[in-house]
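In full-length UniProt numbering, the protein residues as written are 1 to 619.
First up is the structure itself, then whatever we jot down about it.
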């Protein structure tokens, strides 16, 4: 993915007038340059290049855009090829723009993709029979196994290592933790062997790591997981989020379990808003991921044994610190989510979730069942158990509310409770050391009086990425949903998208990478805009989606036409009278008539069918 700021640097360096002049004879007209449009036949020049805005526009055929759009349209190049060609011309090194971290991420992605496909294919071959039998014993259907991309790593020492070597990716596989270097001699051996493979995916659906369950042997740990990398951070990743995201948004709630197969089993039974931890800790990163999926309520579905009770106490701290609306749905002793739902079904699980208790009520009743009636010793023991929870609560409203609730439960004054545990409150964030020239905090010496502080160089940061236009985001989102619709864009909106980030996503998607890959490396602002647009399109299918797409094209075109009509109105409004019209003004009046005719054609060609919503309405 080419960084957004590098695309902008290319556009700023290109001399648009010089570029267009190679193919079009341009003449200066005030601050602009004009000529005959290269994209349609015309006798009177109506094609303008505006160097100040690094933009071209044809009043006749409505072609418009920047330098990249011109190269794309005139020379028939893809967006990425056009950027690369112009970058070479103006001396922008796009390869150098991708820092080592970005290059490593790309290598890890390619190696992980290859491994996921390798494991997946082996599961459904003869040597994967043992793993398929294990899945059957756990009630996992073939459809579910394929949906989660499950795979098989055979006992062979170098099955994956050989494949990565043949593809020239073995060093990348080493960095991804997929293979290890042999201790004696040359070569590599597989990290996962004799294991059922569970791909861990990013929310976009791309594999970023693996969990692996030992099958048919007792040698080694039951589960192995990929180590963390530039691609995979377990503190920010929830297993199953790629499958659960849409249902979480619909329900505004998520179910959290601890095991991969618990999550898979619940999805198979229709509880599709379930996710699982990839580690034992719940982190702010996990809560942010749930927040991005619009989960307003979280159900902890944990085993009813001592380990499950301990897990609730372990998870309570970060949940209460974040002010999360969490409830506990505790399973019967001896059950895990997998066995419970297979026995009780979806109805039983829904009943359990409906009976779930608020997190604080559950924690208090667990550590001090007798409440106010408990003995002194029981209360002191309970407070000791609550210390790790209270230690994570920041000073402020959340912490005060916690102690008020605890006071009501155990009958001890809130102020005394907080005082007793105050030493465990997390400290405020450290104050950064003062830069030269800034005033020092109290108790620290400042700069010596009478001496000027040395200037500090501002940190070099890429310019901020501007948010995409919502209509353009809808255009791109519709094509990601249904790529064939780009052929219905008779007004070539795709050549003239104003946001280069959207154009790059569209270029990746229409070159065979697919919607998930196209969004994988997009800047967050672009990704969020396109994902929001996709949610707006969620209920549309088939001809309804096509009609909607035509309305998006229509809206974008009519907006452009209005901008041109407004511009002409401002210029011609300054003319004293018809007898005083200059040649330029006469051309503008002609162009105004052409614009009005084009507006009528756009409205007729993209007529809104009865019952179809317009693009900016919720769908």
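For each residue, glycine too, the CB sits at the ideal point set by N, CA and C.
If the five residues before and after residue 477 are omitted, its C-beta is found closer than 7 Å to the C-beta atoms of 530, 533, 534, 537, all from its own chain and listed in chain order. The beta-bridge partner set that DSSP reports for residue 190 consists of 179.
Separation of residue 371 and residue 378 (C-alpha to C-alpha, rounded to the nearest whole angstrom) is 9 Å.
Pairwise C-beta distances place the segment 11-23 in contact with the segment 62-77, as three or more of them are shorter than 8 Å. For residue 194, same chain residues with a beta-carbon under 6 Å away, outside a window of 5 residues either side, are 155, 217 in chain order.
The criterion of a C-beta distance shorter than 8 Å is satisfied by residue 471 and residue 552. The alpha-carbon separation between residue 291 and residue 43 amounts to approximately 58 Å. Comparing alpha-carbon positions, the option among 201, 350, 172, 28 lying closest to residue 255 turns out to be 350. The bridge partners DSSP lists for residue 33 are 28, 49.
Bounds of any beta strand (DSSP E) do not take in residue 73; it lies within the alpha helix (DSSP H) bounded by 67-75.
By the beta-carbon neighbour count (other beta carbons within 10 angstroms, threshold 16), residue 380 is exposed. For residue 197, the enclosing beta strand (DSSP E) begins and ends at 195-201.
In the DSSP assignment, residue 58 falls within the unbroken beta strand (DSSP E) covering 55-58. Per the Cβ contact rule, the segment 335-351 is in contact with the segment 260-270 (3 or more Cβ pairs under 8 Å). Between residue 269 and residue 385, the C-beta gap is not smaller than 8 Å, which leaves the two residues out of contact.
For residue 14, the three-state secondary structure derived from DSSP is coil. Collapsing the DSSP output to three states places residue 210 in a strand.
Per DSSP, the continuous beta strand (DSSP E) segment holding residue 255 begins and ends at 253-257. Counted as a single uninterrupted DSSP element, the alpha helix (DSSP H) harbouring residue 308 occupies residues 306-321.
When secondary structure is reduced to three states using DSSP, residue 238 falls in the strand class.
Inter-segment contact for the segment 82-91 and the segment 40-56 is absent: fewer than three beta-carbon pairs are separated by less than 8 Å. Rounded to the nearest angstrom, the gap between the Cα atoms of residue 28 and residue 35 is 9 Å. By the beta-carbon neighbour count (other beta carbons within 10 angstroms, threshold 16), residue 3 is buried. Cβ atoms of residue 343 and residue 325 stay farther apart than 8 Å, at about 29 Å.
Each of 104, 279, 554, 83 was checked against the Cα of residue 235, and the nearest Cα belongs to 279. In terms of CA proximity to residue 555, 604 leads the group 540, 604, 527. In the structure shown, residue 222 falls within a coil segment according to DSSP collapsed to helix, strand and coil. Within its own chain, the residues whose Cβ lies closer than 7 Å to the Cβ of residue 358, once the five positions on either side in sequence are excluded, are 327, listed in chain order. Short of 8 Å from the beta carbon of residue 174, and not among the five residues preceding or following it, lie these beta carbons of its own chain, in chain order: 180, 181, 188. Collapsing the DSSP output to three states places residue 104 in a helix. In terms of Cβ geometry, residue 112 and residue 176 form a close pair [threshold 8 Å]. In the DSSP annotation of this structure, residue 43 is not part of any alpha helix (DSSP H), being labelled neither H nor E. When the five nearest sequence neighbours on each side are left out, the beta carbons in the same chain lying within less than 8 Å of the beta carbon of residue 144 are those of 264, 267, 268, in order along the chain. For residue 215, the closest alpha carbon among the candidates 56, 506, 136, 169 is that of 136.
Around the beta-carbon of residue 40, fewer than 16 other beta-carbon atoms lie within 10 Å, marking it exposed. Selection 59, 232, 285, 15 evaluated against residue 206 yields 232 as nearest (Cα-Cα).
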